[in-house]
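Residue numbers (full-length UniProt numbering): 1 to 242. Even glycine gets a Cβ: it sits at the ideal position worked out from N, Cα and C. Following: one structure in structure tokens, then a few remarks.
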Amino acid sequence: PVELPAIVVLIELNHLPSIDSLLFSQIRLLFDFVFQSRNIVHSWGRLVVELEPALPYDIFIFPLGGELINLQRRFKTWIEEKFFPCVECKFIYINPCCSQCNHFPHLGSNETWSLQDSLIYTCGQFLDKAPTKNYWSLLLDPLYSTISSSTLSIMIRYATYDCLAVSYLHRPVLENWCLQELKQSRICLLLTNPSSIMFDELEDISDDDIHLNRLEDISDDDIHLNRLEDISDDDIHLNRLE
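Structure below.
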């Protein structure tokens, strides 16, 4: 598609506008909209734990509304019911419930899956975690940031893909797709919830208001998840930057 059915909102807690500004009020309204009781919110890990450090910024309140789904927990149950080739053993198809393969992560344990491992083992995609070591307290807006343009691009791309990776997996996991169906699906299908609510209920935010915490439209060229990098069998050294 020319435009993907996905929006990623990056909100920089260290650079929020004044609490009495119109933009701050609109950010609050955005969270009110997201956490409406009729909405379903997916996260990788317990969302309450993930969002608790942001409570002092007063952009949302607990308890959170809506149905909160911890996709990380659901993923473990889903993936361990599937048969698929181990990326290390290459040609051997394993059943995680009974296999002795030593390369399959978290096999026979209560350990949860990282988002990075989940992408590698289900669809051969690499989500580079190296940018997490950068200084995220620095402003990311390219108009004002002191970060080099190349580093800034990597950081924004990482944050965007980290969010979209959860959306990428939510339908296969919750609708119990087979792995082949996941691998053959187009990105627009994976990022679309058939019962999703249209976002035209959101109040428009002007360009002047949004320059600090921008709504970033993701184009087809920007976000085709092959830019998470397709991984070949020989490519599993997980330390290369895109």
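Counting along the chain, the unbroken beta strand (DSSP E) around Glu67 starts and ends at Glu67 to Asn70.
Within the DSSP bridge table, the entry for His42 names Ile69 as partners. Taking 9 angstroms as the cut-off, the beta carbon of Ser118 is found no closer than this to the beta carbon of Ala159. DSSP lists no beta-bridge partner residue for Gln180. In the structure shown, Gln36 adopts coil according to DSSP, grouped into three states.
Per DSSP, the continuous alpha helix (DSSP H) segment holding Pro172 begins and ends at Ser149 to Leu174.
If you look at Thr122, you'll find it in the alpha helix (DSSP H) that goes Leu115 to Cys123. Counting only the Cα atoms, Asn110 lies some 41 angstroms from Ser148. For Pro53, the secondary structure class from DSSP, reduced to helix, strand or coil, is helix. The Cβ neighbour count for Asp128, taken over all protein chains shown within 10 Å, is at least 16; the residue is labelled buried. When only Cα atoms are considered, Glu67 and Phe24 end up about 25 angstroms apart. With fewer than three CB-CB distances shorter than 8 angstroms, the segment 17–33 does not count as touching the segment 170–189. Straight across, the Cα-Cα distance linking Ile11 with Ser37 is about 22 angstroms.
If you look at Leu189, you'll find it in the alpha helix (DSSP H) that goes Ile187 to Leu190. A direct Cα-Cα distance of roughly 30 angstroms separates Ile79 from Ile154. Between the alpha carbons of Thr146 and Ile156 lies a distance of about 14 angstroms.
Leu127 carries a coil assignment under DSSP once its states are collapsed to helix, strand and coil.
Considering only Thr122, Tyr168, Leu189 and Phe31, the residue with the shortest C-alpha distance to Tyr57 is Phe31. Lys133 sits exposed, since fewer than 16 C-beta atoms from the chains shown fall within 10 Å of its C-beta. Of Leu143, Ala54 and Leu190, the smallest CA-CA separation from Leu16 is found for Ala54.
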